Amino acid sequence: MLQAMRGGAKSPIMKVFLVFLAAGFALWGVGDVTTGLIGGSDKAISAGDESLSPGEVAVEFDRTRRSYMPNASTGEAIQAGLLAELAGILARDVVFRAEAADLGLTVTRDMQRDAVASEQAFRDELGDFSQSRFLSALANAGISEAEYLTRIDTQLRREQIVQSVGAGVRQPEIVARTLSAFDLERRTAQLISVPVDAAAVPAPDDGTLSAWFDTVKSRYEAPALRSARVGYISPALFADDITIDEDTLVAAFEDRRDEFTTPEQRNLRQMVFDNVEDATTAFTRVDDGEDFNDVAADMLGWSVADVALGLLEKADLDDAVATAAFGIASGEFIGPVESAFGFHVLAVDEIVPGEDASLDDVRAEITAALKLEAATDSIYDSANTLEDALASGSTLDEAIRAVGGQIVTLTNIDQRGRDIDGVPINGDAADIASDTLVIDVIWNAGLDQPSVIQEGVDDMFFVVEVTDETDPRERSLDEVKIRATGDWQLVEAIRIAREKAQALADDDASFAAVEPSADFRRNGNGLDHEAARLIANAAFGQQPGTNTVVETGREAIALRTNSIIKAGEEELATTSRLVAAFSANSIQLDVLNTLARDLSQSHDLQIRLGGVQQLLVGNQNQ
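Position one of the sequence shown corresponds to residue 797 (the working numbering), numbered consecutively onward.
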């Protein structure tokens, strides 16, 4: 835990996200004030006169998903609970904004400027605010200057409310120091590995295998199994059969033209001053012919890297700065320009014009989207036809054939959609067998009759017909002989490796020529081994000069704890301060969470995520 705290504190990008997302999650918790996933409102989250629209929440969800779950689809992220967690975080911001409005709290430009300047993540090696670091951190976090200032505003209003509540919470220094000393302690160890080699173990004779199988036969018990036929329809089945006329294609392109437009970018340099007088002086010097970088170095001590902002879009900048920078020609200067960050002098070094994609460039993409959209629109009519056919007595085959659907057969699957040995299904049926909703219906439907039509993910509709089921049963050795033989060989190989490692551990001389490891922590940090934590637990569980055996499943390790390394005073002092601050914050949370719950009630907090989900799922299907 302490190592993670120190590591996270060193990352500027992490610090930005701690301000905007993780801090909200850690500070307020999740779930205790959310009211449900209902739709039908233009306000996704509301408290008092403050609110967030479904579109605003959807944008924040998408940004968060890309940052924290980049490999997950929108639907997968929603199913994992990201939307609910994010809603809890955003709800607290709305609640405190409502309370701040009632109290008449304000945030001045100076307060914003001080908040930005005090953020260590935006300072250079000399401790000065660096605009380039600031913009780089925001770019990596996926937010603009304007969004940052809005969040700073919310944060400052909230702090005005909560500071008085949580002030004065401290942890005794001796407690923090003791905890830190414990966590920072290191070990070194000597390790001798004995690999587990099942391939080297001869297959057992029938008598040996049979005797062993009798002791473990419960491992091979066959679970309850069901076989079923799944008939389904989905937009993807029908999309290729749909024709999109040219007029429709052109109209869609015009509606979505902004999606295919690359905005203009400008390569900018800037200086930022605390007062307008210095900014005016800097502009005058540059305008009189002095080199921009030389003036920045002379008046601010900035390097070339500090001055350079790189290629930016208008949306990346504060409104006032953007208007100024995008209002002059390449090679020109402008200033002073006031923003929340100070007074700017700007130089435009290059203009990269925006580009508009042609219809031919995106024809295939738009056509595919329109086909899927049209298929989705018609799928509900097909679902009604399917339902009517089944209700009138049609068989599953007849009903599915009438709507152009498909039927997949799943044979002998367990309650997870896997085969008799717990192995996932492969082949054409893999997608259906991995759909938890389909599997749930299979295991709740009656035998030999189609289920009620069900709506699945991605606008799929399906019907299940269970054709067979078997109860759990014991399996004979003959049924599982190949699997059982391999398992016996592995067990025997583990035993052999354990005995060899134990013999080495029992003899101190075995370690005479073994080099000690690098020093490592209780959590295994410092050890280059896949079982580092397991090894560390063993090493910290015994005194130096003591030997033991660690088993990982792949190897048995004779381990000798070599030495104990105490933390240095500087490291101990730094970590103690972090622990004290973290502990104080944890205590504050109990108080502040109570306040958050009380304010959510007094301001009638409402959370309705149905509209957000519709937007997210709709965008995913486009």
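We treat Cβ as the ideally placed atom computed from N, Cα and C, and that holds for glycine.
For clarity, every value in this text was computed on a predicted model and none was experimentally measured.
Three-state secondary structure (DSSP) of residue i
| i | result |
| --- | --- |
| residue 1052 | coil |
| residue 1272 | coil |
| residue 945 | helix |
| residue 1095 | helix |
| residue 1357 | strand |
| residue 1421 | Because the chain here runs from 797 to 1418, residue 1421 falls outside it and cannot be looked at. |
| residue 800 | Confidence is the limiting factor: at residue 800 the pLDDT is only 33, short of 50, which leaves the residue's position unreliable, though a coordinate-based value still follows. Residue 800: helix per DSSP, three-state reduction. |
| residue 1265 | strand |
| residue 1152 | strand |
| residue 1245 | coil |
| residue 1022 | strand |
| residue 1338 | coil |
| residue 922 | coil |
| residue 842 | strand |
| residue 907 | helix |
| residue 1137 | coil |
Rounded straight-line distance, which links the Cα of residue j to that of residue i
| i | j | result |
| --- | --- | --- |
| residue 1394 | residue 952 | 20 Å |
| residue 902 | residue 1410 | 35 Å |
| residue 1146 | residue 1137 | 24 Å |
| residue 1381 | residue 915 | 18 Å |
| residue 1344 | residue 988 | 11 Å |
| residue 1089 | residue 933 | 22 Å |
| residue 1401 | residue 917 | 34 Å |
| residue 1479 | residue 1408 | Residue coverage of the chain in this structure runs from 797 to 1418, which leaves residue 1479 outside it and unanswerable. |
| residue 1009 | residue 1313 | 41 Å |
| residue 1135 | residue 1043 | 47 Å |
| residue 1305 | residue 1389 | 58 Å |
| residue 1099 | residue 1377 | 34 Å |
| residue 1230 | residue 1213 | 6 Å |
| residue 1385 | residue 1399 | 20 Å |
| residue 1117 | residue 1054 | 23 Å |
| residue 1073 | residue 1123 | 23 Å |
| residue 848 | residue 1144 | 36 Å |
| residue 1178 | residue 1184 | 10 Å |
| residue 1290 | residue 926 | 58 Å |
| residue 1121 | residue 931 | 15 Å |
| residue 1360 | residue 978 | 12 Å |
| residue 1058 | residue 957 | 42 Å |
| residue 936 | residue 1140 | 23 Å |
| residue 1221 | residue 1215 | 7 Å |
| residue 858 | residue 882 | 11 Å |
| residue 1240 | residue 1196 | 21 Å |
| residue 1114 | residue 1131 | 14 Å |
| residue 850 | residue 843 | 15 Å |
| residue 814 | residue 1396 | Legend: pLDDT at residue 814 = 35, less than 50; position of this residue unreliable, no value from coordinates given. |
| residue 1233 | residue 1403 | 26 Å |
| residue 1321 | residue 919 | 29 Å |
Option in the options with minimal Cα separation from residue i
| i | options | result |
| --- | --- | --- |
| residue 1198 | 1028, 1112, 1125 | 1028 |
| residue 1355 | 984, 1370, 1193, 1156 | 984 |
| residue 991 | 1295, 1321, 1141 | 1295 |
| residue 1079 | 1111, 872, 1031, 1133 | 1133 |
| residue 946 | 882, 1007, 890, 900 | 890 |
| residue 1302 | 1127, 1353, 839 | 1353 |
| residue 1155 | 1286, 919, 1050 | 1050 |
| residue 1270 | 1217, 1070, 1126 | 1217 |
| residue 1071 | 1052, 1047, 1096 | 1096 |
Within 9 Å, strictly: CB atoms of residue i and residue j
| i | j | result |
| --- | --- | --- |
| residue 1238 | residue 1203 | no |
| residue 1236 | residue 1263 | no |
| residue 995 | residue 1288 | no |
| residue 1273 | residue 854 | no |
| residue 841 | residue 886 | yes |
| residue 1060 | residue 981 | no |
| residue 1018 | residue 1265 | no |
| residue 986 | residue 1310 | yes |
| residue 1317 | residue 1205 | no |
| residue 1246 | residue 1323 | no |
| residue 1327 | residue 888 | no |
| residue 1031 | residue 1171 | yes |
(message) Measuring CB atoms only, is the stretch 1148–1161 touching the stretch 1084–1099, in the sense that at least three cross pairs come out at less than 8 Å?
(response) no
(message) Assess contact between the stretch 901–920 and the stretch 862–882, defined as three or more Cβ pairs (one per stretch) separated by less than 8 Å. Is contact present?
(response) no
(message) Three Cβ pairs or more, each shorter than 8 Å: is that satisfied between the stretch 1100–1110 and the stretch 1158–1169?
(response) no
(request) Report yes or no: do three or more beta-carbon pairs, one from the stretch 1339–1346 and one from the stretch 1269–1284, lie closer than 8 Å? (result) no
(message) For the structure I just gave you, are there three or more beta carbon pairs, one from the stretch 1246–1263 and one from the stretch 993–1013, closer than 8 Å?
(response) no
(message) Would the stretch 967–981 count as touching the stretch 1365–1377 if we require 3 or more Cβ pairs under 8 Å?
(response) yes
(request) Would you check if the stretch 1328–1338 and the stretch 941–957 touch, i.e. whether three or more CB-CB distances between them fall below 8 Å? (result) no
(message) For the structure I just gave you, are there three or more beta carbon pairs, one from the stretch 1065–1073 and one from the stretch 886–895, closer than 8 Å?
(response) no
(request) Count the CB pairs spanning the stretch 1164–1182 and the stretch 1033–1040 that are closer than 8 Å, and state whether there are at least three. (result) yes
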